[in-house]
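Using my numbering, the first residue of the sequence shown is number 2, and each one after it goes up by one. Using N, Cα and C, we set each Cβ at its ideal position, and we do this for glycine too. Remember, it's a predicted structure, so these values are computed and weren't measured experimentally.
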Amino acid sequence: MNTLLVTGGAGFIGSNFVLDWISETGSTIVNLDKLTYAGNLNNLLSLKGDARHVFVQGDIADRPLVRQLLAQHRPAAIVNFAAESHVDRSIHAPGEFIQANVVGVYALLEEARAYWNGLDGTAQNAFRFLHVSTDEVYGTLGPDDPAFTEQTAYAPNSPYAASKASADHLLRAYHHTYGLPTLTTNCSNNYGPYQYPEKLIPLMICNALQGKPLPVYGDGNQIRDWLYVGDHCAAIRNVLAKGKAGETYNIGGCSEKTNMEVIQTLCKLLDELVPGSSHCPHSSLITHVTDRPGHDRRYAIDARKIERELGWRPKADFTGGLRRTVQWYLEHQAWVEKVNSGAYRKWMAQQYGEAPTMRRLLK
Ligand code: NAD
Ligand code: DAU
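This is the structure we're talking about:
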């Protein structure tokens, strides 16, 4: 394949994908990213001066800009990572999620459709619009429910999940109505390098290293299905290469853990990897706080379709992937310090209160 237009490629998964794609295929990526608080060009420093990475700061909802990029670079596919992605933020400010995740995706689809209509037959057949979505569109599972399949009915519970579900429906409609060759992937929780430390795993690592409380929402027995980000990137490469237009593919880690299991494992890893720390045992920092409103109890992905049809399955085991992730954060403290800006501190104060008092601390 030739040039790709990637959106949101300066965020966590997007930047991992850009690095992975260029190293695996050697072909060019045009990376359109608005650089919100979550976008970080430091993730892509290793591509500085590399002509295969063309970065453009801009919004997917900016239709003239998207039109111009499509006309200029003639991409063989669009991969859309751009989104507001944090559930807690969607509870505080849902409007930004509707704008980026619904209006933005609509704008991108409209420009993609016009571009695709203008391609010749061979290029039209080869073109793909891959939209990166989430397992949260399926809602929540009980302890004994089977994992989400591609047939599970949508039942989004947070404003974030509802905005992602809306975009998925638009993808479906653009394929059904206009024949646009869409692909949708619904993935479980990712972890790994370059994840913004508002999300569970990097937040716990960063707080623990500073001796700050590790805020566990509610009882901490909520379950997520954890996937190493490198495995997600490989899955997207597979879907782009071999996925059938109009289909959706669930992507998961086969690795269900409660939040308490994740946090306890992280604490043990930190005890081992930072043995001289005055914060050992790091588990003493665990602090139960008020639960997230509408908190989904359990997610689990049935990834048999992508394994059966495209031959993808996750490679990383959870303990190994988590160890690599902790080591990455330990070795990239300068990256963490740069992220730790006014915007990050403002979010932490709004969400958790000033440590160590923590407004949300349970009595
Ligand atoms: P992220 O928040 O780290 O990055 C999002 C990126 O999108 C940022 O670089 C941001 O600047 C950019 N962006 C936001 N709005 C934009 C707009 N209007 N125009 C252009 N760029 C914009 O998110 P992430 O965790 O890397 O997630 C990437 C995608 O994968 C999202 O669509 C998310 O819903 C989905 N997803 C994430 C996970 C996960 O565990 N993180 C799991 C499944 C699916
Ligand atoms: O399932 C895929 C989704 O995973 C993605 O679509 C989202 O973009 C991504 O943010 C993630 O959503 P979650 O809400 O599952 O991730 P988060 O890291 O915010 O939280 C994971 C779990 O940890 C969840 O049960 C809430 C809990 N949690 C989170 C934070 C930030 C805590 O207990 N304490 C915290 O401080």
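Cβ-Cβ separation between G27 and S159: approximately 39 Å, too far for a contact (criterion under 8 Å). Scanning its chain for C-beta atoms nearer than 6 Å, with the 5 sequence neighbours on each side dropped, one finds around R314 the residues E308, in chain order. Under the three-state reduction of DSSP, P65 is assigned to helix.
Between the region 127-136 and the region 191-201 there are fewer than three inter-stretch CB-CB distances shorter than 8 Å, so the stretches are not counted as touching. Secondary structure in the region 273-352: the alpha helix (DSSP H) runs of 4 residues or longer, each lying completely within the stretch, are 305-311, 319-332 and 334-340 in chain order. Annotation: Y139 is outside any beta strand (DSSP E) and is labelled neither H nor E by DSSP. L184 sits away from G122, with the two beta carbons spaced by 8 Å or more. Judged by the Cβ position, H87 qualifies as a neighbour of the ligand DAU at the 7 Å threshold, a heavy atom of the ligand being closer than this. Short of 6 Å from the beta carbon of S167, and not among the five residues preceding or following it, lie these beta carbons of its own chain, in chain order: V103. Bounds of any beta strand (DSSP E) do not take in C255, whose DSSP letter is neither H nor E. DSSP places N239 in the uninterrupted alpha helix (DSSP H) bounded by V230 to K243.
Using a 10 angstroms sphere on the CB of K316, the tally of other CB atoms stays under 16, which defines it as exposed. With contacts defined as CB atoms closer than 8 Å, V88 and R293 qualify as a contacting pair. For R129, the secondary structure class from DSSP, reduced to helix, strand or coil, is strand. Annotated three-state conformation of H54 is strand, per DSSP.
At a Cβ-Cβ threshold of 8 Å, D34 and E137 do not count as neighbours. According to the DSSP assignment, R225 belongs to the beta strand (DSSP E) that extends over I224 to D226.
Closest in C-alpha terms to E85, from the list T29, G12, N208 and I287, comes G12. By DSSP's assignment, P216 forms a beta bridge with T288. Here A148 is buried. Its C-beta has 16 or more other C-beta atoms within 10 Å.
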